[in-house]
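Protein chains: 2
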Amino acid sequence: MFPSREDLHEAKRQAVLRQAATSFNARGFHATSLADVAAGLGVTKAALYHYFPNKNALLAACFDHAMALCFACLDKGRAEGRNGRERLLLTLSGYIAQIIDDLSCAVVLLEEGALEADDYAKVIAERDRFEKALRGLVREGVKDGSIVPCDPKLVVFIMLGALNWVPKWYRPGGRWKPEQIAAALAEVFDRTLSSTPAAAMTTEVARISGRRAKARAAEPPAPASDPPDPGPPKRRGTRARTNGAAKAR
Amino acid sequence: MFPSREDLHEAKRQAVLRQAATSFNARGFHATSLADVAAGLGVTKAALYHYFPNKNALLAACFDHAMALCFACLDKGRAEGRNGRERLLLTLSGYIAQIIDDLSCAVVLLEEGALEADDYAKVIAERDRFEKALRGLVREGVKDGSIVPCDPKLVVFIMLGALNWVPKWYRPGGRWKPEQIAAALAEVFDRTLSSTPAAAMTTEVARISGRRAKARAAEPPAPASDPPDPGPPKRRGTRARTNGAAKAR
DNA sequence: TCCATATCCGACCGGGCGGTTAGATGACCG
DNA sequence: CGGTCATCTAACCGCCCGGTCGGATATGGA
Numbered sequence: 001m002f003p004s005r006e007d008l009h010e011a012k013r014q015a016v017l018r019q020a021a022t023s024f025n026a027r028g029f030h031a032t033s034l035a036d037v038a039a040g041l042g043v044t045k046a047a048l049y050h051y052f053p054n055k056n057a058l059l060a061a062c063f064d065h066a067m068a069l070c071f072a073c074l075d076k077g078r079a080e081g082r083n084g085r086e087r088l089l090l091t092l093s094g095y096i097a098q099i100i101d102d103l104s105c106a107v108v109l110l111e112e113g114a115l116e117a118d119d120y121a122k123v124i125a126e127r128d129r130f131e132k133a134l135r136g137l138v139r140e141g142v143k144d145g146s147i148v149p150c151d152p153k154l155v156v157f158i159m160l161g162a163l164n165w166v167p168k169w170y171r172p173g174g175r176w177k178p179e180q181i182a183a184a185l186a187e188v189f190d191r192t193l194s195s196t197p198a199a200a201m202t203t204e205v206a207r208i209s210g211r212r213a214k215a216r217a218a219e220p221p222a223p224a225s226d227p228p229d230p231g232p233p234k235r236r237g238t239r240a241r242t243n244g245a246a247k248a249r
Numbered sequence: 001m002f003p004s005r006e007d008l009h010e011a012k013r014q015a016v017l018r019q020a021a022t023s024f025n026a027r028g029f030h031a032t033s034l035a036d037v038a039a040g041l042g043v044t045k046a047a048l049y050h051y052f053p054n055k056n057a058l059l060a061a062c063f064d065h066a067m068a069l070c071f072a073c074l075d076k077g078r079a080e081g082r083n084g085r086e087r088l089l090l091t092l093s094g095y096i097a098q099i100i101d102d103l104s105c106a107v108v109l110l111e112e113g114a115l116e117a118d119d120y121a122k123v124i125a126e127r128d129r130f131e132k133a134l135r136g137l138v139r140e141g142v143k144d145g146s147i148v149p150c151d152p153k154l155v156v157f158i159m160l161g162a163l164n165w166v167p168k169w170y171r172p173g174g175r176w177k178p179e180q181i182a183a184a185l186a187e188v189f190d191r192t193l194s195s196t197p198a199a200a201m202t203t204e205v206a207r208i209s210g211r212r213a214k215a216r217a218a219e220p221p222a223p224a225s226d227p228p229d230p231g232p233p234k235r236r237g238t239r240a241r242t243n244g245a246a247k248a249r
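Note that the protein sequences, when read in sequence, are chains V and R. Each residue of the first sequence is one higher than the one before, starting from 1 at the first, in the UniProt record's numbering. Each residue of the second sequence is one higher than the one before, starting from 1 at the first, in the UniProt record's numbering.
Printed below as a string of structure tokens:
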């Protein structure tokens, strides 16, 4: 028999965690009782205590899981992107997929305050590390010319805000499929950051083709130059041209 | 004597509301007890019941107030902007100032679920109206050429997400002043939406000059054309040029 | 087969919170 | 001065929720 005793235990633990994350996301941490979580699994409250010592530990585990996923996205983005902008947008695409698809433990991000002091410190530290890494990608993009000069801290805040807000309006059965949303957001962020901003964006998210490369990664590998951004395209492509230096300093 | 009996009552009511909003924002609705709110005002729990029938009514009042401010911003933006993009960005600048400065009742937006059914329906209806209006501004901007073709619904979601996230990272005593943040966000959104995106943005929010026109409203009134966006500037200004049609459909 | 252990349940406890009530205080008005 | 009403408090109630406990059932190893 494959599933050993410990395997089963771990599997159930995961199930509890997922259910808890779902409930917390739906109604908020404080508004969710352990009885709610248990009911969602068809067991009673007391059963949960076989897998977690208390409610706060459950929340902490949600955060840990979410942060782990964040860093996984970061690694993937770093590996697959060809310049700073691509790496950043690939990372964020992954992040959003995680938020939408994965029953998203992540969005619990809203209730950090509910954590106990030491758990809180740990999560915040991790989150800071993640944000610092994103800012690093932005700086990288500015340096290699794929991203316009900007304040990395600010743009990262903006993007994370937009992403973390998604669960507020995303409707699982709705007309916008997760991949479409991820692609659309990447497109908008690309417009914001790219040193060669698009002249137009998709006018209907619902019409974005299913499989669509994110972060412009699949665009023709830029006829001319390579990894560092192609710079102003030869002429009248799908890119807008920015004018002048100014503001930057 | 100026303050009549009713005036005093109303003033205290407002004080209760502000305190409640502050507490709700800080710790969340469910995590805030009425005793907390009362303590913040130096009174006891029972006193609050002279001004609000129950805790939920308090929350509902917060939402009402917040939504009223939203529509005030909208009116102001509509009146002062010279094209769709300006009107939109002015509105959002006001919105953010409200969130940051005004002890922000608004951010309670996160706990809508805590409202009772009928209050909930009312707030959601108002919020939808507001979002619809913003989308209208986007469409307007696309039509008058100040905003690139895009999906209005999506970009509004993105912007509201970014804005509603601000309270998560804004620190009252910090290096970024509220006006700087408002200006910086407007600049980034401008980069995202403008049909003539800037070639660079501010690289340090903390260095943005105090009084700074928002939404590009104060830029030289565009030597040539008028209200509708100046279109691609004559040559090498501070604006990037976008290339081609493509994507739009 | 029998013991040890894991799993889960029903019942319970203690505390905290929303909400109520009775009464004390004081301001206004005739 | 006396009555009325607003204001606010202290004390209390009932409920719900996090957490615990003893016991029932099942599972697996020797």
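C-beta atoms are modelled at their ideal positions from N, C-alpha and C, and glycine is treated no differently.
Pull up the CB-CB distance for V:Y51 and V:K12, whole angstroms please, since I reckon it's below 8 Å.
Sure, about 6 Å apart at Cβ, within 8 Å.
When you compare only the Cα positions, how much space is there between V:E116 and R:R82?
50 Å
Return the residue from the list R:Y120, R:L17, R:K55, R:Q14 that minimises the CA-CA distance to R:A31.
R:K55
Classify V:A195 as helix, strand or coil using the three-state DSSP reduction.
In the sequence on display, residue 195 of chain V carries Ser and not Ala. Residue state, collapsed to three classes: coil.
V:A200 - DSSP class collapsed to helix/strand/coil:
coil
Bridge partners of V:R27, per DSSP?
Paired residues: none, contrary to the question.
State yes or no: is the beta carbon of R:S195 nearer than 9 Å to at least one beta carbon in chain V?
Chain V contact via Cβ: present.
Just to check my reading of the structure: V:V138 and V:V156 have Cβ atoms closer than 8 Å, yes? What is that Cβ distance to the nearest angstrom?
6 Å
Any idea if R:D151 is buried or exposed, counting beta-carbon neighbours within 10 angstroms, 16 or more meaning buried?
buried
Start-to-end residues for the alpha helix (DSSP H) that takes in R:F157:
152-169
Nonlocal neighbours in the same chain, by C-beta distance under 6 Å from R:Q19, ignoring five residues either side
V37, G40, L41
Contact belief for V:V205 with V:W169 at Cβ below 8 Å, rounded distance in angstroms:
With a Cβ gap of about 11 Å, V:V205 and V:W169 do not count as contacting.
Give the secondary structure of R:I147 by DSSP, where H, G and I count as helix, E and B as strand, and everything else as coil.
strand
At least one CB of chain V closer than 9 Å to the CB of R:D151: is that the case?
yes
So that I know if they touch, is there some Cβ in chain R lying closer than 9 Å to that of V:I124?
For V:I124, the answer is no, since every Cβ of chain R falls outside 9 Å of its Cβ.
Measuring only the C-alpha atoms, how far is V:E86 from V:G77?
Approximately 8 Å, taken between the alpha carbons.
Would you mind telling me which residues of chain R sit closer than 9 Å to V:H50, beta carbon to beta carbon, in chain order?
The contact set of V:H50 on chain R, defined by CB atoms closer than 9 Å, is empty, because the minimum CB distance reaches about 27 Å.
State yes or no: is the beta carbon of R:F130 nearer than 9 Å to at least one beta carbon in chain V?
no
Could you give the distance in angstroms between the alpha-carbon of R:F71 and the alpha-carbon of V:E80?
44 Å
By Cβ distance below 6 Å, which residues in the same chain neighbour V:V148 in space, the five residues on each side in sequence not counted?
S195
Short-range partners of chain R found in the stretch 157-175 of chain V, where Cβ spacing is below 8 Å:
Going along the stretch 157-175 of chain V in chain order, one finds F157, I158, M159, L160, G161, A162, L163, N164, W165, V166, K168, W169 with a Cβ nearer than 8 Å to chain R.
Say whether chain V places a C-beta atom closer than 9 Å to the C-beta of R:L185.
yes
Looking at the strands, I want to know which residues DSSP matches up with R:T242.
V:A240
As a quick exercise: from R:T242, R:D144, R:G161, pick the residue whose alpha carbon is nearest that of V:A198.
Looking at the Cα atoms, R:T242 is the closest of the given residues.
In three-state terms, what does DSSP make of R:N56?
helix
Are the Cβ atoms of V:K45 and V:A60 separated by less than 9 Å?
Cβ atoms of V:K45 and V:A60: not closer than 9 Å.
Should R:M67 be flagged as near chain V, meaning a C-beta pair shorter than 9 Å?
no
Given this structure, state the Cα-to-Cα distance separating R:Q180 from R:Q98, to the nearest angstrom.
14 Å
Apart from the five residues on each side of it in sequence, which residues of its chain come closer than 7 Å, Cβ to Cβ, to R:A133?
L74
Any idea if R:A125 is buried or exposed, counting beta-carbon neighbours within 10 angstroms, 16 or more meaning buried?
exposed
Backbone CA spacing between V:G161 and V:V43 [nearest angstrom]
36 Å
If we ignore side chains and look at the alpha-carbon of each, how far apart do R:A121 and R:S23 end up?
24 Å
When the Cα atoms are used, what is the spatial distance from V:A184 to R:N164?
20 Å
Determine the direct distance from the alpha carbon of V:D119 to that of R:D186, and round the result to whole angstroms.
Before going on, a small fix: residue 186 of chain R reads as Ala here, not Asp. Their Cα atoms are separated by approximately 35 Å.
So, are the CB atoms of V:V123 and V:L58 less than 9 Å apart?
no
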